[in-house]
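Q:
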Amino acid sequence: GAGVSQSPSNKVTEKGKDVELRCDPISGHTALYWYRQSLGQGLEFLIYFQGNSAPDKSGLPSDRFSAERTGGSVSTLTIQRTQQEDSAVYLCASSSDRREADTQYFGPGTRLTVL
Amino acid sequence: GESVGLHLPTLSVQEGDNSIINCAYSNSASDYFIWYKQESGKGPQFIIDIRSNMDKRQGQRVTVLLNKTVKHLSLQIAATQPGDSAVYFCAENKEIKAAGNKLTFGGGTRVLVKP
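Sequence lines, in order, name chains R and L.
Residue numbers for the first sequence follow our numbering, so the first one is 1 and each next one is one higher.
Residue numbers for the second sequence follow our numbering, so the first one is 116 and each next one is one higher.
#1: Who does Ala-93 (chain R) pair with in a DSSP beta bridge?
#2: Using a 10 Å radius around the Cβ and a threshold of 16 neighbouring Cβ atoms, would you call Lys-171 (chain L) buried or exposed?
#3: Could you name the residues of the same chain whose beta carbon sits closer than 7 angstroms to that of Gly-71 (chain R), not counting the 5 residues immediately before and after it, in chain order?
#4: CB-CB under 6 angstroms to Val-12 (chain R), same chain, minus the five flanking residues each way: which ones, in chain order?
#5: Buried or exposed, going by whether 16 or more other CB atoms sit within 10 Å of the CB of Gln-84 (chain R)?
#6: Kindly examine the ligand FAD and report whether one of its heavy atoms sits closer than 8 angstroms to the Cβ of Gln-80 (chain R).
#7: Would you say Lys-186 (chain L) lies against chain R (beta-carbon separation less than 9 angstroms)?
#8: Can you list, in chain order, the residues of the segment 29 to 57 of chain R whose Cβ is nearer than 7 angstroms to any Cβ on chain L?
#9: Check the Cβ of Leu-181 (chain L) against every Cβ in chain R and list those closer than 7 angstroms, keeping chain order.
#10: Applying a beta-carbon distance threshold of less than 8 angstroms, which residues of chain R neighbour Gly-289 (chain L)?
#11: Could you give the C-beta distance for Trp-34 (chain R) and Tyr-90 (chain R), rounded to a whole number, given that I count them as a contact under 8 angstroms?
#12: I need the boundaries of the beta strand (DSSP E) containing Glu-20 (chain R), first residue and last residue.
#13: Since Val-177 (chain L) and Gln-160 (chain L) are thought to touch, with beta carbons under 8 angstroms apart, how far apart are those beta carbons, to the nearest angstrom?
#14: Could one say the Cβ of Ser-95 (chain R) lies closer than 9 angstroms to chain L's Cβ atoms, at least one of them?
#15: Identify the contact partners of Gly-158 (chain L) in chain R, using a Cβ-Cβ distance below 7 angstroms as the criterion.
#16: Does the count of Cβ pairs from the segment 181 to 191 of chain L and the segment 126 to 143 of chain L closer than 8 angstroms reach three?
#17: So for Asp-63 (chain R), helix, strand or coil by DSSP?
#18: Val-185 (chain L): buried (16+ other C-beta within 10 angstroms of its C-beta) or exposed?
#19: DSSP three-state call for Glu-85 (chain R): helix, strand or coil?
#20: Once you ignore the five residues that flank Ile-163 (chain L) on each side, which residues in its own chain have a CB closer than 6 angstroms to its CB?
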């Protein structure tokens with residue numbers, strides 16, 4: 001596609017429910033990143049994919065958070081047993097991961113609200 | 116325009132004036148820096164980047180300056196327009212290819228353009 005897309009754009013859920021957030025990166029981009037942005041805060045790194053593997057999961061805040069990527073394209077971020085502190089905007093970015101073009105391009109984000 | 120650091124979260128600038136946004140980074144090993152613009156309800160939008168082997172790079176109406184001696188990055192916007200009103204984030208990465216190019220973001224500066 002022309003840019004990174006994410007769905008849903010907004011998600012309201014009840015505490016304790018599981019949610020899945022989807023990211024479609026720019027076609028051909030091998031690197032994919034998930035970030036979280038809490039209200040009024042900067043962006044916090046969650047996880048990085050190179051192809052279908054995740055060499056860096058260091059930013060995942062707890063074992064309730066997991067992510068996968070299939071076919072080197074679409075990625076899903078899953079949050080189990082959501083808590084109110086999980087409320088944030090979840091942003092996905094992709095890059096071609098070539099040395100001369102490492103720019104990360106972001107999607108519009110998914111705003112998650114946990115009631 | 117007025118020069119501010121990221122510890123002052125808002126920069127008000129008159130339309131047509133130049134804006135300067137400053138950012139201090141902490142990791143002397145970082146070798147890639149990016150400025151993003153984020154409008155309300157949208158994901159971060161790439162503005163300009165610079166590698167550590169450069170000290171200046173120019174784009175359309177924007178210039179990024181890098182001072183590695185004092186670990187300082189700045190974004191200059193020429194002839195600021197109402198559409199420039201947004202939050203601006205600087206980001207840095209340490210080039211560890213095995214771990215990807217995860218970005219560490221600053222806290223952001225809000226730019227308000229007064230007509």
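We treat Cβ as the ideally placed atom computed from N, Cα and C, and that holds for glycine.
Just so it is clear, the structure is predicted and the values come from calculations on it, not from any experiment.
A: In this structure, then:
#1: Bridge partners of Ala-93 (chain R): R:Tyr-33 and R:Phe-106.
#2: With fewer than 16 other Cβ atoms within 10 Å, it is exposed.
#3: None.
#4: Apart from the 5 residues on each side of it in sequence, Val-12 (chain R) sits with its Cβ closer than 6 angstroms to the Cβ of Thr-113 in its chain, given in chain order.
#5: The residue is exposed, with fewer than 16 neighbouring Cβ atoms inside 10 Å.
#6: Only the bare structure without any ligand can be found here, which leaves the ligand FAD out of the picture.
#7: It does not: the Cβ of Lys-186 (chain L) has no partner Cβ on chain R nearer than 9 angstroms.
#8: Here the close residues are Ala-31, Tyr-33, Gly-42, Leu-43, Phe-45, Tyr-48, Gln-50, Pro-55 and Asp-56.
#9: Near Leu-181 (chain L) there are no residues of chain R at all, since even the closest Cβ is about 16 angstroms away, more than 7 angstroms.
#10: Here chain L has residues from 116 to 230 only, and residue 289 (chain L) is not among them.
#11: Contact between Trp-34 (chain R) and Tyr-90 (chain R) holds, since their C-beta atoms are separated by about 7 angstroms, short of 8 angstroms.
#12: DSSP places Glu-20 (chain R) inside the beta strand (DSSP E), whose first and last residues are 19 to 24.
#13: So it is not a contact: roughly 12 angstroms between Cβ atoms.
#14: Yes, Ser-95 (chain R) lies at the interface with chain L (some Cβ there is under 9 angstroms from its Cβ).
#15: Here the neighbours are Leu-91, Phe-106, Gly-107, Pro-108 and Gly-109.
#16: A contact is defined here as three or more CB-CB pairs under 8 angstroms, and the segment 181 to 191 of chain L meets this definition with respect to the segment 126 to 143 of chain L.
#17: For Asp-63 (chain R), the three-state secondary structure derived from DSSP is coil.
#18: Looking at its Cβ environment, which holds fewer than 16 other Cβ atoms inside 10 Å, Val-185 (chain L) is exposed.
#19: Glu-85 (chain R) falls in the helix class under three-state DSSP.
#20: When the five nearest sequence neighbours on each side are left out, the beta carbons in the same chain lying within less than 6 angstroms of the beta carbon of Ile-163 (chain L) are those of Trp-150, Gly-174, Val-177 and Val-179, in order along the chain.
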